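Asker:
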Amino acid sequence: MGAHPRRRGGPSRGGDGLMPALLFDLDGTLLETDPLHAAVFVDIFAEHGRDVDEAFYMKHIHGRLNAEIFEEYFPDSHTQEMADDKEARFRERLGGSAEPLPGLLALLERAEAAGWPMAVVTNAPRENAEAMLSAIGLDGRFATIVLGDDCPRGKPDPYPYAHAMRLLGVTPGQTLAFEDSRAGIASAAGAGATVLGVTTGLDADTLRAAGATATIRDYTDPALETEIRRIEGATA
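Spelled out as C-alpha cells, the structure:
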C-alpha cells in the first residue's frame, strides 16, 4: 500500500465536460469509526487520571495526527509508544463488524466503470488503513493511497490532497473530496477541491463552517449526484 501515480497530463474529460476525480478520506468517511477511536482515547485518558468523553474526542482530537494529540495532552510520555498502543487497541476493536457506508460500493463500481480517477487520502497509520480497507472488503481496490505518514505535512495542511491530485494528474476543478473532520476539510479545501462533508460524526453546520461546499449523510444522498453532475458539466 502506498502512493502510486496513475495518470498524468491535463484534466481528465468525460464527454464534453470534466471527469470527476474522487478523493476519499478513510476514517468516518468510507466506514464509521469515530465511536471506536473515541472509546480507545477515553480509556487512555482514564488510565492517566483524566476523565473525558466522546464529546471531548470530537471537539479536540477528531481528525488530528497522533503526534500532535499525544504531544499536546501527554507531553511527558513516550509519544510514539502511546500512539502505537492506541492504534493497536483500535484495530482490536475494529474486528469484523465494520461495514462500508451506504451507497459507497455502488459509487465505486460506477466510478470504476466510467474510468474516474480515485484515491484514498488519510492521516491514518498504514496498519490502520490496511485494516480498515480489509474490514470493508476494499483492500486492493484503490491503486492510489496517500498516507499521512508518507507526507511531509499531514492534514489540515493542503499537501496530502494536492499530492493526490498530482499523482492522479487531475485538477482541483474536477476533484470531489469526501471528508468528515475539520482538519480533513481544511486540507482538501486548501488544495482547491470541492469538499463534501460526511455527517458521520459532526453535524452539517459544523462541516460547512469548516469549509465543506455541501454535506451528505452517506453515498445515497442526492447532494452527491448534484456535485458529480456539476463537475461533469464544467469545462476546463
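Quick note: the sequence shown, position 7, residue 6 per numbering that gives the first Met the number 0, numbers continuous. The beta carbon of each residue, even a glycine, is placed where N, CA and C say it ideally should be. Since this is a predicted model, take the numbers as computed values, not measurements.
In terms of residues, what are the limits of the beta strand (DSSP E) holding Thr32?
Answerer: No beta strand (DSSP E) contains Thr32, which DSSP labels as neither H nor E.
Asker: Going by the beta-carbon positions, is the gap between Glu126 and Glu86 smaller than 8 Å?
Answerer: Yes, they are a contact pair.
Asker: Just list the alpha helix (DSSP H) runs in the region 120-182, keeping only unbroken ones of 4 residues or longer that don't cross its boundaries, in chain order.
Answerer: The qualifying runs are 125-134, 158-167.
Asker: Relative to the C-alpha of Ala97, which residue among Val39, Ile135, Ala182 is closest?
Answerer: Per the Cα distances, Ile135.
Asker: Exposed or buried, which one is Ser186 when buried takes at least 16 other CB atoms within 10 Å?
Answerer: With 16 or more other Cβ atoms within 10 Å, it is buried.
Asker: Taking Cβ to Cβ, would you say Leu30 is nearer than 8 Å to Met131?
Answerer: Cβ atoms of Leu30 and Met131: closer than 8 Å.
Asker: Let's see if you can read the secondary structure: which residues bound the beta strand (DSSP E) around Thr193?
Answerer: Thr193 -> beta strand (DSSP E) spans 193-197.
Asker: Between the C-alpha atoms of Leu146 and Ala128, what's the straight-line distance to the nearest angstrom?
Answerer: Distance between the alpha carbons of Leu146 and Ala128 is about 8 Å.
Asker: Buried or exposed for Leu223, going by 16 or more other Cβ atoms inside 10 Å?
Answerer: With 16 or more other Cβ atoms within 10 Å, it is buried.
Asker: Quick check on the DSSP output: the beta strand (DSSP E) that includes Leu222 runs from which residue to which?
Answerer: Residue identity check: residue 222 is Ala in the sequence provided, not Leu. Looking at the DSSP string, Ala222 is not in any beta strand (DSSP E); the run it does join, the alpha helix (DSSP H), is 221-231.
Asker: Considering just the uninterrupted stretch of the alpha helix (DSSP H) at Ile68, what are its terminal residues?
Answerer: 65-72 is the span of the alpha helix (DSSP H), which, as asked, contains Ile68.
Asker: With a threshold of 7 Å on Cβ separation, who are the neighbours of Thr225 within its own chain once the five nearest residues in sequence on each side are excluded?
Answerer: Correct list: empty, nothing qualifies.
Asker: Going by C-alpha to C-alpha distance, which of Asn65, Glu53, Gly172, Asp42 sits closest to Lys154?
Answerer: Ranking the options by Cα distance to Lys154, first place goes to Asn65.
Asker: Residue range of the beta strand (DSSP E) that Ala97 falls in?
Answerer: Per DSSP, Ala97 belongs to no beta strand (DSSP E) and is neither H nor E.
Asker: Should His61 be labelled buried (16 or more other beta-carbon atoms within 10 Å of its own) or exposed?
Answerer: By the 10 Å Cβ count, His61 comes out buried.
Asker: So for Asp26, helix, strand or coil by DSSP?
Answerer: Of the three classes helix, strand and coil, the one that applies to Asp26 here is strand, per DSSP.
Asker: Starting from Ala211, trace the beta strand (DSSP E) both ways and give me its first and last residue.
Answerer: Where Ala211 is concerned, there is no enclosing beta strand (DSSP E), given that its DSSP letter is neither H nor E.
Asker: Between Val194 and Ala20, is the Cβ-Cβ spacing less than 8 Å?
Answerer: Going by C-beta atoms, Val194 is not nearer than 8 Å to Ala20.
Asker: Please report the straight-line C-alpha distance between Pro4 and Pro171, rounded to a whole angstrom.
Answerer: Per-residue confidence for Pro4 stands at a pLDDT of 40, beneath the threshold of 50, marking its modelled position as unreliable; the derived number appears in the next sentence. C-alpha separation (whole angstroms): 17 Å.
Asker: Leaving out five residues before and five after Leu106 in sequence, what residues of the same chain have Cβ atoms less than 7 Å from its Cβ?
Answerer: Closer than 7 Å at the Cβ level, and outside the excluded window around Leu106, lie Tyr218.
Asker: Between which two residues does the alpha helix (DSSP H) carrying Arg109 extend?
Answerer: Note, Arg109: alpha helix (DSSP H), 103-113.
Asker: Please report how far the alpha carbon of His36 lies from the alpha carbon of Phe89, in whole angstroms.
Answerer: Roughly 6 Å between the two C-alpha positions.
Asker: Excluding the 5 residues preceding and the 5 following Thr78 in the sequence, name in chain order all residues of the same chain whose CB lies nearer than 6 Å to its CB.
Answerer: Only Phe69, Glu70 meet the Cβ criterion.
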